[in-house]
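In numbering that gives the first Met the number 0, the protein residues as written are 0 to 1260.
Heads up, the thing below is written out as structure tokens.
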Amino acid sequence: MPTSPNAAGLGEYGNIPISLYTGLPNISIPLWNLKGREIDFDVSLSYRASGVKVEDNASWVGMGWSLNAGGVITRVIRDKPDFQNGLQSRPILPLPASNLMRYDTIQYYSYMKGVVDMEPDVFNYNFNGKSGSFVFDRSGVARFNQFDDLKIRYERSVNVPGHGWYGQFIITTGNGTVYKFNERETSSQSEEPSSWFLTTITSASGREVFNLVYENEQFGYHTAERHSIYTSLGTGAGTIRPWDNAETVIHGKRLKEINTNTLGKIVFVPQTQARKDLGTYAYALKDIEIYTSQNEMVKKFRFETEDIETSIRFPLNNPTYGNAEYINWRLYLKSVTELSANEALSKPPYIFTYFDRDANGKDLLPHRVSFAQDHWGYYNGKNSNGSLTPAYHGPFGYNYQTGEHDPQFDAFLPICSVNDYLENYDYSYAGLTGDRSSSFPSMRAGTIKSIHYPTGGLTEFDFEAHYGRFESQDVTIKYSGIVGGLRVKSITSLSPCNEILSKKEYEYAEGGLTHFPKYRTYTYNNGLGEPNGSQPGVMQICTNNPNGDPYIDKHLYVTINPGSFTFPGATKGSSIGYNIVREVEVGNGSTTYTYTSPLSHPDEHNSTNLTYIFRDPFYQNYIVERELLFSSNLSYPYFPMKDNDWKRGLLINKDSRDLYGKILTSEAYEYTMEELGNVPALAILEQRRELDFYYALYKVPYGWCRLDKKTITNFDKQQSIGQQQVYTYNYEPLHKYKIKESLVSSKGDTMSTTYTYPFNYSIAPYTYMTDRHILTPVIETKQFKNETELSSIFTVYKDWLGDQTVFAPEIIKTKFKENGTPEARVRYHELNADGGILSVSKENGIKTSYIWDNRSLRPTAEVKNANPEDIAYTSFEVDGFGNWQYNNASIVIDSARTGQRSFSLSSNYSVSKSGLNVTKGYIITYWSKAGAYQVNGSTANPLYTINGWTLYEHKISGASSCTVTGSGLIDELRLHPENSTMQTFSYHPLYGINSTCDEANRVTTFEYDVLGRLIIVKDNSGNITKRIAYNYADTATINCNQQLIYNSEKSRSFTKSNCLIGQTGETIRYTVSAKTFSSYIPGEADARAQSIIDTYGQSYVNNIGTCKYYNDDQSGNYTAVGCPEGFNATTVYVSSPANVYESAISKEDANIRARYFAQSYANERGCVPGSVTIIGSNSNAIPNFKVKLTNLQNNVVYEYDLIAATLATIPPGPYTINIYNPYNTSTVYNFSADGLTMSGTSATFVSVNLSTFNVTVSIEQ
């Protein structure tokens, strides 16, 4: 089912950890961070630089870009949608052992196919830094392709008639945070949800909640025509199946708002004008607005998108697409600008450019229904393509006379027994015109070219085509060459004046493809016309049907499709992965990365082959069952391969070298790849009238790759190992958490740390934490040296509120030495309802108490040597009362000593605190603009005055409460016991600290501009101690008038010169690519490039090149050995020149390789038949022609009449063959002898080596 561009973009990133393994750079733009008490949520842009496919639809932030501001679960439906009839509708597997019971079971499941869901859907998730894929087993347990410690359940909520239960996904991460996905997206092709969007994030305590609000968005799009062709083999008639060209309509969701109960909200504002690149009502993103918790907008991010017209347009008012003008447009992101709320101030924008626009600014990509697509959907410049069906002119099937065949038909041959009747299926079809080959730079069109940053710098990207290979395991599908999609070639950073600051280049080994498309398949027709979609059965292919029995009437078809019949495999979201990638930082060495890839861990065939099972209609207990000797992965109905992507993309080695090529450090990684299990699936194909079936079991594996060992080796200047560190890791089996980490130093000592977690304990509160999936807190760590325990730290957790919501440390215990006694070191005395620490101390030490803002996000006061009930503080900001009681109605804005607000005391408005200890004395301080105020009748002590504000101090004792009264403005009101000290803080709701007031009531003030940037710091007296100006460099503000000159490409070949005697050094070309250096001085950039080559080239090749031994000349006469029966051994001269074969062992080993080649050549060419049979061919019965064969070794002559018959048997060897008419005819004929041809009145073939059993000599009119 199709998904919206927004969901597809998020879904892609849910399956793609960006890395050099897939050749993709990490391109991201951070926008905003919502960091609450327990939830941390980023909003950012990400770009996927793999290239733009012809039919790609842009997300609402532009082609290739994804807005990471939420989350999504997408799915691929297999068989029927999961949840339609409940997971319990899955068949119980494995199948019975008895073939009779197995047949009955297969027949039942086939009959129940409309009800029973026999294959699990595949779900992909992406949210808040978590991504991956999973399936549900029959019990409803999520099984991850690569293990992830998430708790996932599907909660049914709405029963839709005809479709079953719709509901929401609930995912709990390892820290107990709960994510709910409850906004569903559908399409015109199916009312089944294709995507579920993130709607709620709830912290582990349940006290912090982020809500994501969506609005509906409906739009449509078209794809290119996809007509399949089917034809009966041998008839030559091809039929084009009609294609449903109806517009796909997405009933999608557009993110409207993220609101929180702690941090304010983010609002997403769409453009007011609809996009040109999608049908109906889709809108691009215009603004992201940031609000405080008081609903005050503080800034926004402006998105400038542009609709770009294609240079190759599709004509309108056509019968296929009507007036769908939008297929001629694409949406691109042009810039992103950070602005103040009122737009009075802004930073310079991020500006993006893209490859391949024409002189009029039009996109060189064609319209979005173009047939100019390669195998992977990227533009290949083949604008004359008449369809998407690849050109293939046969042969189809198998011709048993000529041996010509389609390799993809070979899979059917083993099912025919020796005595079966073999039918010739030979057919060629010339109506296919699609060229699906890949082409560069065509595939680059529309891809990002550069990013201009607000700071003035510029990053330029250069890309090249993927190159890789694929070979299937059981059907001959092979490919090696250019692959659709892009990999990064270089990344260059430039100054505002385009001076090159740094450049990185990337080199790749041959990549491994996960799949190659299969466009044709073979189907069986039971004589009723259309192929019924099933494969030919054993009887239908092999058995003759002299009686015309309709049950065994064979009629084989080939079906040719514009799309692949096989499942498209992937590796980390790409069709290709690289096992070796070298990153060269020009002028600063290189790093080589080695990964696991499809070359080392290809997808595998599932455990069973396709099986044919048949019940005789007359003998009901007679079951015929035959396993076809090919995998169902490459035959109808094309079950998915065993997905091994969880084993791929793992870094296994990282080597860093300097400019000289000397190795500096090496990192080696060792893993265990454990397949934890699999989810079985069953596919059944009814062949004919409930009599025979095809079935196959396949498995969806789930596994876990764990890092067992990491070795870091540092090398000295002599390239010897200087220092080595070996890390080893152990894990617990359930949640796969690390329980031990060990380091073996170069001195041989083993330093180890062990870890325990809540699930390791069977007592409260740890059992409660485990039940809530709060698994990540480390409870105890122990340090060891070799086997001796050095120390340990144990954190005692507590269920602070008694309702299993707030779990936090109560005591931290430490122990030194193996037999020591654990001692309490830190004790938490009290927490508030949100988990904020109210009081903490070292064991038996003085308490430090805290006052928090009203959302428990930030501490507003820290008081040493006091209990929480004995302190109070307020600056009258919006962040809480701070243990004081007062009426907010009397707060005054924009007149304050600290922060932004103060309080107006009057006869109606006072400030008070209750619950004081009558046995204690307290200090009350405040800043006043109207003299001293009354505090329980105590004396006011003025301390000093600043900017009209005077600091007063009062001392009270013997009171259970405190009340401040008077008339005037008051700010920074503090209360604490006499023998304690207090420091306080005020905050801007989003930007950070506004002010601090230390123990002596000295105030430091921080001021921000409207973009949230710190601009001024003031001391207690209001003097400016720091001023920060933000000046962004660009060509308008700096002098860029000089002409910048770049170097041209420089290269030179060097031969490794430090090999041993007898070895030959490898020759390597050392290159400095163009535009690596820049200068304003003519010739200087070229000189710098040449200097790099001259200085480092030879040393580099000496360090990384190889030394090899090469063979001497081994040419000579070799006599064939091991000739088969009926052949004679002869001596053959074989040329095996010097320096062809190499060895890393010795010269003699290289010579052995050369002699082995020569002997193999002699064995192949020197074994000749004991006799050669001459077969005459004269289909037109042309009279009087003779054939004369003269043996050039002994001059023996053999002469025969050239008739259509076996002429003679003669010895093998070199011959001159003359075909002539002794009566001198003037007619021109076509002659051939042993595959050689000639036209004329006669023919003479000189020095023909007759070395096969049968040699044909022919004449034709």
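Beta carbons: idealized from backbone N, C-alpha and C, even for Gly.
Just so you know, these numbers come straight off a predicted model, no measurement behind them.
Quick test of your reading: THR259 and PHE209, contact by CB under 8 Å. State the CB separation rounded to the nearest angstrom. 5 Å
For ALA508, collect the residues of the same chain with a Cβ closer than 7 Å to its Cβ; drop the 5 residues on either side in sequence, then sort them by chain order. TYR577, ASN578, ILE579
Assuming THR768 is part of the alpha helix (DSSP H), what are its boundary residues? The amino acid at residue 768 is misidentified as Thr; the sequence shows Met. Unbroken alpha helix (DSSP H) run through MET768: 765-770.
How should ALA141 be labelled, buried or exposed, when 16 other C-beta atoms within 10 angstroms of its C-beta is the threshold for buried? buried
Supposed close pair PHE902, SER889 - CB separation, criterion 8 Å: 6 Å
Any contact of the region 332-345 with the region 362-379, i.e. 3+ C-beta pairs under 8 Å? no
From THR1205 to ILE1174, what does the alpha carbon distance come to, in whole angstroms? 4 Å
Please report the Cβ distance between ASP1111 and ASN1162, rounded to the nearest whole angstrom; I am assuming they are in contact, meaning their Cβ atoms lie under 8 Å. 22 Å between Cβ atoms; not a contact.
Residue of ARG826, ASP286, GLY676 minimising C-alpha distance to TRP31: ASP286
Work out the CA separation of PRO988 and PRO440 for me, nearest whole Å. 50 Å
CB contact flag (TYR1214, LEU1249, <7 Å): yes
Kindly indicate if chain C contains any beta-carbon less than 7 Å away from that of ILE969. Included in the structure is just one protein chain, with no chain C present.
Give the range of the alpha helix (DSSP H) segment to which LYS298 is assigned. Looking at the DSSP string, LYS298 is not in any alpha helix (DSSP H); the run it does join, the beta strand (DSSP E), is 296-311.
Sequence-distant residues of its chain with Cβ nearer than 6 Å to ILE923 (five each side left out): VAL934, HIS953, LEU974
Where does GLN1261 sit, in a helix, a strand or coil, going by DSSP? Missing from the structure shown is residue 1261; the chain here goes from 0 to 1260 and no further.
Look up TYR885 in the DSSP assignment and say whether it is helix, strand or coil. coil
Would you say TYR670 and CYS704 are within 7 Å of each other, going by their C-beta atoms? yes
Among GLY50, TYR1031, GLY930, the one whose alpha carbon lies nearest that of TYR353: GLY50
Let me know the secondary structure DSSP gives VAL335 once reduced to three states. strand
Minimum C-alpha distance to GLU303 - residue among ASN316, SER310, TRP328, SER334: SER334
Beta-carbon within less than 7 Å of ILE892's beta-carbon, same chain only, minus the 5 sequence neighbours each way: which residues are those? GLN899, ARG900
Could you pull out every unbroken beta strand (DSSP E) segment of at least 3 residues lying fully inside the region 572-596, listed in chain order? 579-584, 589-594
What does the Cβ neighbour count give for PHE1230, buried or exposed, with the cut at 16 atoms within 10 Å? buried
Could you say which of PRO1136, ALA1137, CYS1122 lies nearest to THR1130 if we only look at CA atoms? CYS1122
Look at the alpha carbon of ILE105 and the alpha carbon of ASN244, and state the distance between them as a whole number of angstroms. 36 Å
Using 10 angstroms around the beta-carbon of ASN25, count the other beta-carbons present and answer buried if the total reaches 16, otherwise exposed. exposed
Exposure label - ASN1022; buried when at least 16 CB within 10 Å: exposed
Proximity below 7 Å, CB of ASP136 to CB of ARG77: no
Restricting to Cα atoms, I'd like to know which of GLY139, GLU337, ARG312, GLY321 is closest to ARG329. ARG312
Between GLY456, THR247, SER479, SER596, which has its C-alpha nearest ILE499's C-alpha? GLY456
Ordered list of beta strand (DSSP E) runs contained in the region 706-751, each at least 3 residues: 720-730, 737-743
So does the region 167-178 actually touch the region 145-154, counting three or more Cβ pairs closer than 8 Å? yes
So the beta strand (DSSP E) GLN1089 belongs to, where does it begin and stop? No beta strand (DSSP E) contains GLN1089, which is instead part of the alpha helix (DSSP H) from 1083-1103.
Segment contact flag, the region 68-76 with the region 122-132, C-beta cutoff 8 Å, min 3 pairs: yes
Determine which residues share a DSSP beta bridge with LEU197 and list them. PHE180
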